[in-house]
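J.:
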Amino acid sequence: MAPLGRPIEDPGPLSAGRIALRLIRPRDAEPLRKLLADNRGWLQQWEATHPSGRGIAPGSVSMRPTVRALRRQLRLGTGISFVVSYDGAAVGQLSVSEMSGGALQTAQLGYWISEHVAGRGITPVAVALGIDYLFSVLGLHRAEICIRPENAASLRVVEKLQLRYEGRRSAYIHIDGAWRDHDCFAVTRDEVPGGMLGRLSA
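Everything in the sequence shown is counted per our numbering, starting at 661 for the first residue and increasing by one.
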């Protein structure tokens, strides 16, 4: 896959009511580290791990190098990392990866949210904002989300957004110490002429 081939500019805040996305910034490193540390029990079972067993638990060390790497992806046109905020406070992340230009024009989305705000409908709105940005601003054709079949909360997100089920990828990503199956859901720009946020609101 070829990246977009151009730097990704800051779109400014993308918002709907009390929920917003904004590009990750260096000063987000410590608030996000604390959120990850506070949510270890909540997030660990869904976190990517290295097959070798090496790795550092999210939230256990400074996130400054990670934020610098994520900002570098913007310049290369290979990925985007948004902070999810609720009433102005950071409550999670939405990441866009596997971005491709050329003949594919696609990207993959992943996300996490703090347990203390779970169940308030934040994640579906954040994902809708992200997909609308990919389609309307970056001009991509397709977006996909891959979810472990055991992750009921995340499956509810794609159900609310009415993403199309495309099948199961066996032993797809190393998560929480083992290779895990993932179910793939997708949407193309032509399927949501009124935008994903419009579909969710309807």
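Ideal Cβ placement from N, Cα and C applies to all residues, glycine included.
In three-state DSSP terms, what is residue 766?
T.: Taking the first residue of the sequence shown as position 1, residue 766 is located at position 106. In the structure shown, residue 766 sits in a strand (DSSP, three-state: E or B).
J.: Please report the straight-line C-alpha distance between residue 852 and residue 702, rounded to a whole angstrom.
T.: Locating residue 852 in the sequence shown gives position 192, where the first residue counts as 1. Locating residue 702 in the sequence shown gives position 42, where the first residue counts as 1. Whole-angstrom Cα-Cα distance: 32 Å.
J.: Please report the straight-line C-alpha distance between residue 697 and residue 761, rounded to a whole angstrom.
T.: As a position in the sequence shown, residue 697 is number 37, starting the count at 1. As a position in the sequence shown, residue 761 is number 101, starting the count at 1. If you take the alpha carbons of residue 697 and residue 761, they lie about 35 Å apart.
J.: Mapping DSSP to helix, strand and coil, what is residue 693?
T.: Within the sequence shown, numbered from 1, the residue matching residue 693 stands at position 33. Of the three classes helix, strand and coil, the one that applies to residue 693 here is helix, per DSSP.
J.: Just curious, the alpha helix (DSSP H) that residue 782 is in, first and last residue?
T.: The residue you call residue 782 lines up with position 122 of the sequence shown. From DSSP, the alpha helix (DSSP H) with residue 782 extends over 782-796.
J.: Alpha carbon to alpha carbon, what distance is there between residue 699 and residue 713?
T.: As a first step, residue 713 is located in the sequence shown; it is residue number 53 there, counting from the start. As a first step, residue 699 is located in the sequence shown; it is residue number 39 there, counting from the start. Distance between the alpha carbons of residue 713 and residue 699 is about 21 Å.
J.: Three or more C-beta pairs under 8 Å: does that hold for the region 843-860 against the region 797-815?
T.: yes
J.: DSSP on residue 669, reduced to helix/strand/coil?
T.: Taking the sequence shown and counting its residues from 1, the one referred to as residue 669 is at position 9. Note: residue 669 maps to coil in three-state DSSP.
J.: Under the three-state reduction of DSSP, which class applies to residue 853: helix, strand or coil?
T.: One-based indexing of the sequence shown puts residue 853 at position 193. Correct three-state label for residue 853: coil.
J.: Would the beta-carbon of residue 815 fall within 8 Å of that of residue 676?
T.: If you number the sequence shown from 1, residue 815 lands on position 155. If you number the sequence shown from 1, residue 676 lands on position 16. It is not a contact, given that the beta carbons lie outside the stated cut-off.
J.: Here's the rule I'm using: 16 or more other beta-carbon atoms within 10 Å means buried, otherwise exposed. How should residue 862 be labelled?
T.: Walking along the sequence shown from the start, residue 862 turns up at place 202. Its Cβ having fewer than 16 others within 10 Å, residue 862 is exposed.
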